Amino acid sequence: MTEKLKQILIFIAAGFKKLVLRFKKRKPMKEIMMIYYMEGKSARVAGKKVAWITSGGPVEPLIAMDVIPIYPENHGAMIGASKMGVALCEKAEEMGYSRDLCSYARADIACAVVNGGPIGGLPRPDMLVCCNNICGTVLKWYEVQARRFNVPLFIFDTPFCHTEYSEEAKKYVRSQIDEYMVFLEKACGRKFDSGRMENIWRWSIEGQKLWQAVLDTAASRPAPISAFDAFYHLALIVSLRGRRDVLDYYSDLLARMKDRVTRGIGAVPGEKYRLLWDNLPIWYRVRWLSQRFASHGACLVADTYTSAWCGSLKYVDLSRPFFDSMAEAYTRIYLNVGIDEMARTVIEMIDKYGVDGFVMHSNRSCKPYSLGQYDIQRIVERERGIPCLMLEADMVDERNFSESQVATRIDAFMEIIKQNKK
Amino acid sequence: MRTAGIDIGSITAKAAVMEDGMILGSRIIFTGYNTDLAGRKVFEELIKELGIETASIGKIVSTGYGRSSVKFARKTATEIICHAAGALLLDSRVKTVIDIGGQDSKAISVDGTGKVKNFVMNDKCAAGTGRFLEVMARALGSDLDEFGSLSLKADRPSRISSLCTVFAESEVISLISKGETRENIIAGIHESIAARVSAMAARIGIVSPVMLTGGVARNIGVVKALEAKLGIPLIVSQYAQVMGAIGAAVIASRAV
Chain A
24 MTEKLKQILI
34 FIAAGFKKLV
44 LRFKKRKPMK
54 EIMMIYYMEG
64 KSARVAGKKV
74 AWITSGGPVE
84 PLIAMDVIPI
94 YPENHGAMIG
104 ASKMGVALCE
114 KAEEMGYSRD
124 LCSYARADIA
134 CAVVNGGPIG
144 GLPRPDMLVC
154 CNNICGTVLK
164 WYEVQARRFN
174 VPLFIFDTPF
184 CHTEYSEEAK
194 KYVRSQIDEY
204 MVFLEKACGR
214 KFDSGRMENI
224 WRWSIEGQKL
234 WQAVLDTAAS
244 RPAPISAFDA
254 FYHLALIVSL
264 RGRRDVLDYY
274 SDLLARMKDR
284 VTRGIGAVPG
294 EKYRLLWDNL
304 PIWYRVRWLS
314 QRFASHGACL
324 VADTYTSAWC
334 GSLKYVDLSR
344 PFFDSMAEAY
354 TRIYLNVGID
364 EMARTVIEMI
374 DKYGVDGFVM
384 HSNRSCKPYS
394 LGQYDIQRIV
404 ERERGIPCLM
414 LEADMVDERN
424 FSESQVATRI
434 DAFMEIIKQN
444 KK
Chain B
2 MRTAGIDIGS
12 ITAKAAVMED
22 GMILGSRIIF
32 TGYNTDLAGR
42 KVFEELIKEL
52 GIETASIGKI
62 VSTGYGRSSV
72 KFARKTATEI
82 ICHAAGALLL
92 DSRVKTVIDI
102 GGQDSKAISV
112 DGTGKVKNFV
122 MNDKCAAGTG
132 RFLEVMARAL
142 GSDLDEFGSL
152 SLKADRPSRI
162 SSLCTVFAES
172 EVISLISKGE
182 TRENIIAGIH
192 ESIAARVSAM
202 AARIGIVSPV
212 MLTGGVARNI
222 GVVKALEAKL
232 GIPLIVSQYA
242 QVMGAIGAAV
252 IASRAV
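As they're listed, the protein sequences go chains A and B.
Quick note: the first sequence, position 271, residue 294 per this note's numbering, numbers continuous.
Quick note: the second sequence, position 88, residue 89 per this note's numbering, numbers continuous.
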């Protein structure tokens with residue numbers, strides 16, 4: 024079958040699925056995501072362009088330009104969750120990439136070559152948008168892909184905010200938004216529609232507020248939703264923020280969680296202990312970890328990861344020109360600020376959710392997230408006196424996970440918490 | 002009340018029986034590949050040795066990596082809580098416990114009331130543990146039991162810099178070929194273990210008195226090297242290797 028014909032078939036199937044979904048009262052995440060990827064894969068048939076973008080990148084302008092944004096990191100999570108990470112990482116290592124490199128990067132680079140993974144590779148990009156607010160690895164990763172696909176790459180450079188968002192940083196980031204518009208106009212061959220962009224920005228903020236409200240329900244006892252559930256529901260706020268249907272999904276989820284709160288239904292039956300999670304999920308072990316903690320009556324009620332997609336709301340002021348808010352919100356995300364501010368965020372979460380212990384995943388892949396964890400641990404122990412647990416693993420590369428070692432650490436950590444609560 | 006603790010470690014399985022706060026006896030065997038069998042065997046052998054009836058044991062708690070395979074135990078507890086409980090039974094003043102076992106090393110801090118405050122364990126790498134020493138003993142054609150006394154005769158301990166067991170072994174082989182004395186090499190190995198363990202323990206803050214537990218505590222060379230590195234004396238009990246099992250028996254006596 025020719026590639027063209029395959030795309031036409033995917034396009035028709037996506038259209039049909041969309042129609043069916045329209046009549047469903049509750050729209051399941053899996054179907055929304057499936058249609059999204061099918062539309063990406065058949066974008067050329069629909070005359071649309073595809074942009075690959077980093078998870079913390081400013082996506083709203085892409086949506087305003089009718090470009091389908093695709094997230095290699097979300098794909099990395101899917102690869103990890105479907106336990107396909109090791110084979111792809113090994114493939115990247117065969118290609119010459121170091122085992123010390125981020126496993127999302129390795130899996131994505133290998134996937135682009137073998138078209139493997141759970142969805143047979145990502146839709147081919149027409150352009151790449153790389154924002155370094157999450158890490159420095161993405162720069163090289165996107166350069167590799169720009170060469171491979173021979174497509175233009177836009178780098179959105181967000182200076183690190185050690186203590187503040189300086190005037191210089193403000194001007195510098197804001198000027199890049201104008202460059203970003205020029206890049207998009209050139210790549211799409213048409214003018215940027217600021218009016219449309221403003222609506223999309225509002226929907227994006229609305230979506231982030233709803234997501235925050237969903238996460239906030241976990242402050243109730245018992246928590247109706249756990250961090251492990253949030254890892255799942257997160258996909259839409261990452262991939263589709265700025266789209267209107269995201270609002271429906273999270274409004275529905277919020278209503279369900281509020282209902283659970285009213286009826287006293289917890290994510291972990293018989294919740295006794297409440298924990299906070301730090302860093303990316305260990306995607307191939309989410310269920311195992313969730314069960315291990317639940318066996319001790321412990322619920323991971325919140326995490327620093329899923330809240331990163333609504334953590335910058337405090338910098339958004341809808342009365343300000345939206346590009347100014349956008350520049351600041353994307354620069355001051357959790358991973359682009361100093362350790363003291365990260366520790367403050369963690370402590371705020373400990374207080375807000377009434378947490379008994381802090382679980383940190385020291386993620387071999389994610390250096391910016393894992394660097395400073397020992398300092399944050401010390402600050403948390405000093406300020407709140409709750410026990411902290413460090414689990415060494417990796418988000419996608421299972422070769423960095425040792426079950427019996429992790430199990431012993433969790434059990435011992437829970438023994439300390441139980442003893443403290445007596 | 003009489004209670005028992007079973008500790009299934011990566012190299013050895015240990016059992017201890019206690020009665021009203023007194024240790025009646027303990028036993029150590031190799032774990033082998035069948036942890037379930039090792040648990041039953043070490044327990045039965047100890048019962049026989051003590052000349053008591055199985056039925057006279059009120060409660061049994063298991064610990065160690067193979068803790069869940071001990072089906073006849075009433076409950077399981079981790080090595081962390083057990084080593085702390087065992088150490089405190091033998092010396093109630095202890096504030097820090099450093100345990101060096103077959104495949105892991107850990108540092109545990111306890112508060113004045115006997116509660117575990119915090120712990121830290123080695124991760125991803127077995128250098129600086131009992132298995133590391135076994136590999137080195139094999140490379141040196143020496144017996145692990147004479148490692149301690151040999152190292153005390155060293156005049157200039159070698160420098161073993163690699164953190165990886167396999168690479169450290171190659172370093173040892175290269176030192177042998179250079180004609181370095183066995184005593185100096187062994188002392189160097191002990192110093193590398195001491196450096197690794199003390200750096201790990203520093204993360205939770207070392208507070209005196211410190212007790213050293215686990216099989217490696219039997220090695221006087223490691224004890225001396227670690228004391229030198231930490232700059233404080235270590236308490237080493239004759240029961241160091243069975244501390245986990247003793248602690249499990251202590252926890253069994255508290256269990257409802």
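From the three backbone atoms N, C-alpha and C, an ideal C-beta is built for every residue, glycine too.
Computed from a predicted model, the values in this text were never measured in an experiment.
### Task
Taking only beta carbons into account, state which residues of the region 93-126 of chain B come closer than 7 Å to chain A, listed in chain order.
Lys-116, Val-117, Asn-119, Phe-120, Met-122, Asp-124 and Lys-125
### Query
Taking C-alpha atoms, which residue in Pro-210(B), Pro-158(B), Gly-189(B) and Val-136(B) lies nearest to Ala-88(B)?
Within the second sequence, residue 88(B) is the residue found at index 87, counting from 1. Minimum Cα distance to Ala-88(B) is reached at Pro-210(B).
### Task
Return the CA-CA distance between Trp-224(A) and Val-382(A), expressed in angstroms with no decimal places.
For the purposes of this step, residue 224(A) is taken as the residue at position 201 of the first sequence. For the purposes of this step, residue 382(A) is taken as the residue at position 359 of the first sequence. In a straight line, the C-alpha of Trp-224(A) is about 34 Å away from that of Val-382(A).
### Task
Please determine, among Asp-271(A), Gly-380(A) and Arg-355(A), the residue with the shortest C-alpha to C-alpha distance to Arg-49(A).
As a position in the first sequence, residue 49(A) is number 26, starting the count at 1. For the residues Asp-271(A), Gly-380(A) and Arg-355(A), the minimum Cα distance to Arg-49(A) belongs to Asp-271(A).
### Message
Give me, in chain order, the residues of the same chain whose beta-carbon lies closer than 6 Å to that of Gly-380(A); leave out the 5 immediate sequence neighbours on both sides.
### Response
Taking the first sequence and counting its residues from 1, one reaches residue 380(A) at position 357. Correct list, in chain order: Leu-298, Ile-409, Pro-410 and Ile-440.
### Task
Give a yes or no on whether the C-beta atoms belonging to Ser-238(B) and Leu-91(B) are separated by under 8 Å.
Counting from 1 along the second sequence, the entry for residue 238(B) is found at position 237. Counting from 1 along the second sequence, the entry for residue 91(B) is found at position 90. Against a cut-off of 8 Å, the Cβ pair of Leu-91(B) and Ser-238(B) comes out as a contact.
### Task
From the DSSP output, in three-state form, read off Met-122(B) for me.
Locating residue 122(B) in the second sequence gives position 121, counting from the first residue. Strand at Met-122(B).
### Message
So for Val-174(A), helix, strand or coil by DSSP?
### Response
The sequence position of residue 174(A) within the first sequence is 151, counting from 1. If DSSP states are grouped into helix, strand and coil, Val-174(A) belongs with coil.
### Query
According to the neighbour-count rule (16 or more other Cβ atoms, all chains shown, within 10 Å of its Cβ), is Phe-316(A) buried or exposed?
For the purposes of this step, residue 316(A) is identified with residue 293 of the first sequence, where counting begins at 1. That one is buried.
### Query
Under 8 Å, do Thr-354(A) and Cys-153(A) count as touching if we go by C-beta distance?
As a working note, residue 354(A) is residue 331 in the first sequence. As a working note, residue 153(A) is residue 130 in the first sequence. Taking 8 Å as the Cβ cut-off, Thr-354(A) and Cys-153(A) do not qualify as a contacting pair.
### Task
Take Trp-306(A) and list the residues in its own chain whose beta-carbon comes closer than 7 Å to its own, dropping the five residues that flank it on each side.
By one-based count along the first sequence, residue 306(A) stands at place 283. Result list for Trp-306(A): Ala-100, Gly-103, Ala-104, Met-418 and Val-419, in chain order.
### Query
Rounded to a whole number of angstroms, what is the C-alpha to C-alpha distance between Cys-322(A) and Ala-278(A)?
In the first sequence, the residue the question calls residue 322(A) occupies position 299. In the first sequence, the residue the question calls residue 278(A) occupies position 255. Taking the straight line joining both Cα atoms gives about 21 Å.
#### Entry: Residue of Gly-230(A), Val-237(A) and Met-365(A) minimising C-alpha distance to Val-269(A)
Residue 269(A) sits at position 246 when you count from the first residue of the first sequence. Of the listed residues, the one whose Cα sits closest to Val-269(A) is Gly-230(A).
### Message
Considering only their Cβ atoms, is the gap separating Cys-165(B) from Ala-128(B) smaller than 8 Å?
### Response
Walking along the second sequence from the start, residue 128(B) turns up at place 127. Walking along the second sequence from the start, residue 165(B) turns up at place 164. Yes; because the gap between Cβ atoms is below 8 Å, this pair is in contact.
### Query
Fully enclosed by the region 246-280 of chain A, which alpha helix (DSSP H) runs are 4 residues long or longer?
250-256 and 258-262
### Task
With Ser-227(A) as the anchor, note down where its alpha helix (DSSP H) starts and where it stops.
Start at 1 with the first residue of the first sequence, and residue 227(A) comes out as number 204. Ser-227(A) -> alpha helix (DSSP H) spans 217-239.
### Message
Tell me the rounded alpha-carbon separation between Val-53(A) and Gly-395(A).
### Response
Residue numbering aside, residue 53(A) sits at position 30 when the first sequence is read from its first letter. Residue numbering aside, residue 395(A) sits at position 372 when the first sequence is read from its first letter. It is worth fixing the name first, because residue 53(A) is Lys in this sequence and not Val. Using only the alpha carbons, I get a separation of about 35 Å.
### Query
Which of the three DSSP states, helix, strand or coil, is assigned to Thr-55(B)?
As a first step, residue 55(B) is located in the second sequence; it is residue number 54 there, counting from the start. Helix.
### Query
From the DSSP output, which residues share a beta bridge with Lys-76(B)?
Within the second sequence, the letter at position 75 stands for residue 76(B). Paired residues: Val-62(B).
### Message
Could you pull the DSSP bridge partners for Lys-107(B) from this structure?
### Response
Position 106 of the second sequence, counted from the start, is the residue given in the question as residue 107(B). Note: Lys-107(B) sits in a beta bridge opposite Asp-100(B) and Met-122(B).
### Query
Under a three-way DSSP split, which group does Arg-157(B) fall into?
Walking along the second sequence from the start, residue 157(B) turns up at place 156. It is coil, neither helix nor strand.
### Query
For Ser-20(A), which residues does DSSP report across the bridge?
Residue 20(A) lies beyond the stretch modelled for chain A, which goes from 24 to 445, so this question has no answer here.
### Query
Using a Cβ-Cβ cut-off of 7 Å (strictly less than) and excluding sequence neighbours within five positions of Lys-281(A), which residues of its own chain qualify?
Reading the first sequence from its first residue, position 258 is the one you call residue 281(A). Taken in chain order, the residues that qualify are Thr-240.
### Euclidean distance between Cα positions of Ser-70(B) and Ala-350(A)
Counting from one through the second sequence, the residue named residue 70(B) turns up at place 69. Counting from one through the first sequence, the residue named residue 350(A) turns up at place 327. Distance between the alpha carbons of Ser-70(B) and Ala-350(A) is about 56 Å.
### Query
How would you list, in chain order, the residues of chain B whose beta-carbon sits under 7 Å from the beta-carbon of Ala-435(A)?
The count along the first sequence starts at 1 and reaches residue 435(A) at position 412. What Ala-435(A) touches in chain B: Thr-79, Ile-81, Ile-82 and Phe-120.
### Message
Is the separation between the beta-carbon of Ala-140(B) and that of Glu-170(B) shorter than 8 Å?
### Response
The count along the second sequence starts at 1 and reaches residue 140(B) at position 139. The count along the second sequence starts at 1 and reaches residue 170(B) at position 169. Against a cut-off of 8 Å, the Cβ pair of Glu-170(B) and Ala-140(B) comes out as a contact.
### Query
So which residues on chain A does Tyr-34(B) lean against when the C-beta distance must stay under 7 Å?
Counted from its first residue, the second sequence places residue 34(B) at position 33. Here the premise fails: no neighbours, minimum Cβ distance about 15 Å.
### Message
Based on DSSP bridge pairs, tell me the residues matched to Gly-26(B).
### Response
Indexing the second sequence from 1 puts residue 26(B) at position 25. Its beta-bridge partners are Val-18(B).
### Message
Counting only beta-carbon separations shorter than 8 Å, does Arg-422(A) have a partner in chain B?
### Response
Translated into positions along the first sequence, residue 422(A) becomes position 399. Not an interface residue.
### Query
Using a Cβ-Cβ distance under 8 Å, would Tyr-240(B) count as near chain A?
Here residue 240(B) refers to the residue found at position 239 when the second sequence is read from its first residue. No, because no Cβ of chain A sits closer than 8 Å to the Cβ of Tyr-240(B).
### Task
Would you check if the region 63-83 of chain B and the region 45-54 of chain B touch, i.e. whether three or more CB-CB distances between them fall below 8 Å?
no
### Task
Helix, strand or coil for Cys-411(A), going by three-state DSSP, please let me know.
For the purposes of this step, residue 411(A) is taken as the residue at position 388 of the first sequence. In this structure, Cys-411(A) counts as strand in the three-state DSSP scheme.
### Query
Taking just the CA atoms, how far does Ala-66(A) sit from Gly-103(B)?
Against the second sequence, residue 103(B) aligns to sequence position 102. Against the first sequence, residue 66(A) aligns to sequence position 43. Computed Cα separation, rounded: 57 Å.
### Query
Counting only beta-carbon atoms, is Arg-407(A) nearer than 8 Å to chain B?
Reading the first sequence from its first residue, position 384 is the one you call residue 407(A). Taking Cβ atoms only, chain B never reaches closer than 8 Å to Arg-407(A), which makes this a no.
### Task
Give a yes or no on whether the C-beta atoms belonging to Ile-91(A) and Lys-71(A) are separated by under 8 Å.
Within the first sequence, numbered from 1, the residue matching residue 91(A) stands at position 68. Within the first sequence, numbered from 1, the residue matching residue 71(A) stands at position 48. Their beta carbons are under 8 Å apart, which means Ile-91(A) touches Lys-71(A) by this criterion.
### Query
What alpha helix (DSSP H) runs, 4 residues minimum, are completely inside the region 28-82 of chain A?
52-64
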